[in-house]
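Chemist:
Numbering (the working numbering), first residue to last: 32 to 369.
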């Protein structure tokens with residue numbers, strides 16, 4: 032704070048010895064630039080704070096701030112191995128904001144259904160992330176802080192993931208049934224096609240509707256560009272994919288030749304293990320696919336009847352979950368302001 036005496040000295044030049052003393056302590060030629068610098072520094076700090084607090088988007092009744100977007104992007108760069116620079120931030124900001132909007136809609140749906148996420152559940156999920164990445168127990172948040180990542184960014188993401196999983200279990204999985212006939216038919220198809228290939232695939236799925244098709248295509252193109260520059264596929268899948276496999280880094284597990292939609296089945300046949308292909312357009316969205324491995328079905332141990340049923344169940348739940356989310360997104364009020 033500027034004292035009253037200093038303020039008076041600046042406004043009203045005193046006379047005599049007081050003036051001489053004031054000039055010796057801080058001449059007028061120094062005071063005015065110094066004061067201007069102080070005021071400008073304060074204004075700059077306020078401007079930065081105001082910018083961070085500015086609303087980036089509104090999803091129904093929830094506001095997403097510029098600070099939320101910046102924090103999530105920093106997390107993305109760290110977990111996916113993407114270089115953090117202004118150009119990359121500019122390119123990835125739209126899909127980062129869209130992902131935050133989707134997560135907000137998911138959390139709001141959970142709240143509507145009176146589904147809650149406990150601190151214990153969040154802590155358990157963070158511990159899983161630590162184990163998966165070979166981190167010492169309890170070190171994840173400390174590592175994020177050291178890299179200037181706000182821990183709230185990953186806590187909010189984990190909370191949304193858990194909340195949505197609970198929604199899907201209650202609303203979709205609990206109402207999904209696989210009949211014995213469906214299992215019989217699947218087993219018969221496997222027995223009749225023992226020479227077919229079995230793939231292990233990672234996926235990134237970006238849905239679109241009539242209005243967002245161009246945006247979804249741009250997103251997948253940017254993501255595959257980052258992957259080809261060395262970004263981690265699984266890290267990007269966790270951050271941006273809207274498939275049910277996102278929490279597992281996009282891992283679809285083992286998929287039999289012919290089980291995927293025709294567009295994806297055709298695309299995956301064109302690549303070798305270790306390669307990535309996309310964007311591949313389907314009726315509901317764009318996919319990026321990474322082929323981890325492939326082998327003839329007969330070369331391995333055939334799946335049990337239970338495993339076949341589980342595979343059918345998971346695939347059916349995944350299809351219905353994506354439709355559920357598309358419907359929520361379409362019905363939501365979304366106002367993007369940046």
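The C-beta atom is built at its ideal place from N, Cα and C for all residues, glycine as well.
Note that the structure is predicted; figures quoted are calculated from it, not measured.
(1) Can you give me the start and stop residues for the beta strand (DSSP E) that residue 316 sits inside?
(2) With a threshold of 16 other CB atoms inside 10 Å of the CB of residue 337, please say whether the residue is buried or exposed.
(3) Measure the alpha-carbon distance for residue 90 versus residue 136 and round it to whole angstroms.
(4) Go to residue 185, then tell me how far its alpha helix (DSSP H) extends in each direction, as first and last residue.
(5) Are the CB atoms of residue 278 and residue 342 within a distance shorter than 8 angstroms?
(6) Check this for me: beta carbons of residue 105 and residue 115, under 8 angstroms apart or not?
(7) Quick check on residue 208: buried or exposed, where buried means 16 or more other Cβ atoms within 10 Å of its Cβ?
(8) Throw me the rounded Cβ distance for the residue 144 and residue 201 pair, which I believe falls under 8 angstroms.
(9) Taking just the CA atoms, how far does residue 155 sit from residue 168?
(10) Is the beta carbon of residue 317 less than 8 angstroms from the beta carbon of residue 367?
(11) Would you call residue 92 buried or exposed, if buried means 16 or more other Cβ atoms sit within 10 Å of its Cβ?
(12) If you follow the alpha helix (DSSP H) that residue 293 is part of, which residue opens it and which one closes it?
(13) At the level of alpha carbons, what is the spacing between residue 298 and residue 311?
(14) Along the chain, where does the alpha helix (DSSP H) that runs through residue 144 open and close?
(15) Let's test the definition: count the other Cβ atoms within 10 Å of the Cβ of residue 369 and tell me whether it reaches 16, buried, or not, exposed.
(16) Can we say the stretch 159 to 177 touches the stretch 321 to 328, given the rule of at least three CB pairs closer than 8 angstroms?
(17) Take residue 235 as the anchor and find which of 282, 246, 261 and 204 has the nearest alpha-carbon.
(18) Looking at residue 109 and residue 162, is the spacing between their C-beta atoms short of 8 angstroms?
(19) With DSSP as the reference, identify every bridge partner of residue 96, one or two as the case may be.
(20) Measure the C-alpha to C-alpha separation of residue 280 and residue 271 and round it to an integer number of angstroms.
(21) Tell me the rounded alpha-carbon separation between residue 121 and residue 98.
(22) State the DSSP-derived secondary structure class of residue 310, mapped to helix, strand or coil.
(23) Report, in whole angstroms, the separation of the C-beta atoms of residue 146 and residue 189, which I expect to be a contact under 8 angstroms.
(24) Which of the three DSSP states, helix, strand or coil, is assigned to residue 349?
(25) If residue 148 and residue 273 are in contact, beta carbons under 8 angstroms, what's the gap, nearest whole angstrom?
(26) Which residues bound the beta strand (DSSP E) around residue 366?
(27) Taking all protein chains shown into account, decide if residue 290 is buried (16 or more other Cβ within 10 angstroms of its Cβ) or exposed.
(28) For a minimum of 4 consecutive residues, which ranges assigned as the alpha helix (DSSP H) are wholly contained in the stretch 216 to 290?
(29) Does residue 114 come out as helix, strand or coil in the three-state DSSP assignment?
(30) Given a cut-off of 8 angstroms on the beta-carbon distance, is the pair residue 348 and residue 214 in contact?
(31) Give a yes or no on whether the minimum CB-CB distance between residue 290 and chain C is below 8 angstroms.
(32) Going by alpha carbons, who is nearest to residue 304 out of 229, 257, 225 and 340?
(33) Taking 6 angstroms as the limit between beta carbons, can you name the residues of its chain near residue 231, skipping five residues before and five after?
Modeler: In this structure, then:
(1) One-based indexing of the chain shown puts residue 316 at position 285. Looking at the DSSP string, the run of the beta strand (DSSP E) that includes residue 316 is 316 to 327.
(2) Your numbering for residue 337 matches position 306 in the chain shown. When all chains shown are included, residue 337 counts as exposed.
(3) Counted from its first residue, the chain shown places residue 90 at position 59. Counted from its first residue, the chain shown places residue 136 at position 105. About 7 angstroms.
(4) Taking the first residue of the chain shown as position 1, residue 185 is located at position 154. That run of the alpha helix (DSSP H) goes 182 to 198.
(5) Position 311 of the chain shown holds residue 342. Position 247 of the chain shown holds residue 278. Taking the C-beta atoms as reference points, residue 278 is found no nearer than 8 angstroms to residue 342.
(6) The residue labelled residue 105 in the question sits at position 74 within the chain shown. The residue labelled residue 115 in the question sits at position 84 within the chain shown. Cβ atoms of residue 105 and residue 115: closer than 8 angstroms.
(7) Taking the chain shown and counting its residues from 1, one reaches residue 208 at position 177. Answer is exposed; the Cβ neighbour count stays below 16.
(8) Taking the first residue of the chain shown as position 1, residue 144 is located at position 113. Taking the first residue of the chain shown as position 1, residue 201 is located at position 170. Sure, about 7 angstroms apart at Cβ, within 8 angstroms.
(9) Taking the chain shown and counting its residues from 1, one reaches residue 168 at position 137. Taking the chain shown and counting its residues from 1, one reaches residue 155 at position 124. Cα to Cα, the separation comes out at about 11 angstroms.
(10) By 1-based counting over the chain shown, the position of residue 317 is 286. By 1-based counting over the chain shown, the position of residue 367 is 336. The criterion of a C-beta distance shorter than 8 angstroms is not satisfied by residue 317 and residue 367.
(11) Numbered from 1 along the chain shown, position 61 holds the residue referred to as residue 92. Exposure of residue 92 is indicated by the presence of fewer than 16 other C-beta atoms within 10 angstroms of its C-beta.
(12) Walking along the chain shown from the start, residue 293 turns up at place 262. 293 to 299 is the span of the alpha helix (DSSP H), which, as asked, contains residue 293.
(13) Within the chain shown, residue 298 is the residue found at index 267, counting from 1. Within the chain shown, residue 311 is the residue found at index 280, counting from 1. Residue 298 and residue 311: Cα-Cα distance of roughly 7 angstroms.
(14) For the purposes of this step, residue 144 is identified with residue 113 of the chain shown, where counting begins at 1. First-last for residue 144: undefined, no H or E at that position.
(15) Along the chain shown, one-based indexing puts residue 369 at 338. Exposed, by the Cβ-count rule.
(16) Output reads no: the stretch 321 to 328 does not touch the stretch 159 to 177.
(17) As a working mapping, residue 235 is identified with position 204 in the chain shown. If we check each option's Cα against that of residue 235, 282 comes out closest.
(18) Along the chain shown, one-based indexing puts residue 162 at 131. Along the chain shown, one-based indexing puts residue 109 at 78. No. Outside cutoff.
(19) Here residue 96 refers to the residue found at position 65 when the chain shown is read from its first residue. DSSP, once it has assigned bridges, lists 86 as partnering residue 96.
(20) Numbered from its first residue, the chain shown carries residue 280 at position 249. Numbered from its first residue, the chain shown carries residue 271 at position 240. Whole-angstrom Cα-Cα distance: 10 angstroms.
(21) Indexing the chain shown from 1 puts residue 121 at position 90. Indexing the chain shown from 1 puts residue 98 at position 67. For residue 121 and residue 98, the distance between alpha carbons rounds to 15 angstroms.
(22) Reading the chain shown from its first residue, position 279 is the one you call residue 310. Looking at residue 310 - three-state DSSP - the assignment turns out to be strand.
(23) For the purposes of this step, residue 146 is identified with residue 115 of the chain shown, where counting begins at 1. For the purposes of this step, residue 189 is identified with residue 158 of the chain shown, where counting begins at 1. Not a contact, Cβ separation roughly 15 angstroms.
(24) On the chain shown, position 318 is the one that residue 349 refers to. Residue 349: helix per DSSP, three-state reduction.
(25) Position 117 of the chain shown holds residue 148. Position 242 of the chain shown holds residue 273. Not confirmed; about 19 angstroms, so no contact.
(26) Counting from one through the chain shown, the residue named residue 366 turns up at place 335. Where residue 366 is concerned, the enclosing beta strand (DSSP E) stretches over 365 to 367.
(27) Position 259 of the chain shown, counting from 1, holds the residue named residue 290. Buried, because 16 or more other Cβ atoms sit within 10 Å of the Cβ of residue 290.
(28) Secondary structure within the stretch 216 to 290: the alpha helix (DSSP H) runs of 4 or more consecutive residues, fully enclosed, are 244 to 259 and 264 to 271 (chain order).
(29) As a position in the chain shown, residue 114 is number 83, starting the count at 1. DSSP places residue 114 in coil when its eight states are reduced to three.
(30) In the chain shown, residue 348 corresponds to position 317, counting from 1. In the chain shown, residue 214 corresponds to position 183, counting from 1. In this structure, residue 214 does not lie closer than 8 angstroms to residue 348 by Cβ.
(31) Protein chain content of the structure displayed is limited to a single chain, and chain C is not contained in it.
(32) One-based indexing of the chain shown puts residue 304 at position 273. Closest option to residue 304, Cα to Cα, is 229.
(33) One-based indexing of the chain shown puts residue 231 at position 200. Excluding sequence neighbours, residue 231 sits near 285, 323 and 324.
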